[in-house]
Amino acid sequence: MIRQRLAAIVFHATTAYIMYWGFSTVDGGPVGEWMRSNKGQHSQFLTIQGLVVAWLTMVASLMVDIFPSNITLTGAKRWLLMISMPLEVTVSSIYWSLIILFPHLIMPAIPESSAAAAFLKLPLKVDLALHALPGIALAFDFFFFEKRYTKFQAARVAPLTAVLFGVWYVSWVEYCASHNERFPYPFLDSPYYIRAFIYVGAVLQAILSFRVLNSLHR
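If you're matching positions, the sequence shown starts at 21 in our numbering and goes up one per residue.
Rendered as structure tokens:
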């Protein structure tokens, strides 16, 4: 039991640090400066919103490792995991599919005269810290350190949570785009009915991924 707790502490602390490092590396460079020049700054990017929730999940997990009898911390961690795990699965699947097959649909259009343009292609280790590690770490945490969610939570609470988060992000990214006159991701620069299909599809993917992961948990 003590060995398992120590392993969990090391895992959660290390993962939280790597996520923070990935964000700070981007934020401290020209790309971060370019993000801050736009309405919504970093928060208009689903990658960043997902990273923040994933980081909070890891920090909450670390607190649970240290104070395992605290019911409030345990409940908060499981609620955050319910949001972050399907969100990061969705972010990772969309990002890696597009960056490999259609990079022009995922990379923001930064003017070539901008200093950020030269740094837009992230180093692989930073890319993995932002777009791969969170989803993998959350799934690992769920299968090895958490119990599965109840049928009610999986069938009712998780879908409602995904829909509410989707409504929040759609409202925010549309609002930011109305000021910036462009979307953070080029694939969203489409007629509204196409964007609506994309938004609905992403929410459905999050709901489905949560159900699949929860059903695989033993």
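Just so it is clear, CB atoms sit at the ideal spot from N, CA and C, and this is done for glycine as well.
Between Leu101 and Thr67, the C-beta spacing is not below 8 Å. Per DSSP, reduced to three states, the secondary structure at Gly221 is helical. CA-to-CA, the gap between Gly49 and Ala36 works out to about 20 Å. Three or more beta-carbon pairs separated by less than 8 Å link the stretch 150–160 to the stretch 100–115, which places the two stretches in contact. In this structure, Trp75 lies away from Met105, with their beta-carbon atoms at least 8 Å apart. Separation of the CB atoms of Ala178 and Tyr169 is rounded to 7 Å, and the pair is thereby assigned contact status at 8 Å.
Within its own chain, the residues whose Cβ lies closer than 6 Å to the Cβ of Ala222, once the five positions on either side in sequence are excluded, are Thr110, listed in chain order. Between Asn200 and Asn90, the gap from beta carbon to beta carbon reaches 8 Å or more. Under the 10 Å beta carbon count, Ile214 is surrounded by fewer than 16 other beta carbons and is classified as exposed. Across the set Ile126, Val46, Phe31, Tyr212, the C-alpha of Phe31 shows the shortest separation from the C-alpha of Val79. Between Tyr212 and Ile126, the CB-CB gap reaches or exceeds 8 Å. Between Phe122 and Leu233, the C-beta gap is not smaller than 8 Å, which leaves the two residues out of contact. The beta carbon of Ala33 sits closer than 7 Å to the beta carbons of Leu82 from its chain, once the five residues preceding and following it are set aside; these are given in chain order. Note on geometry: alpha-carbon atoms of Trp41 and Ala149 lie some 8 Å from one another.
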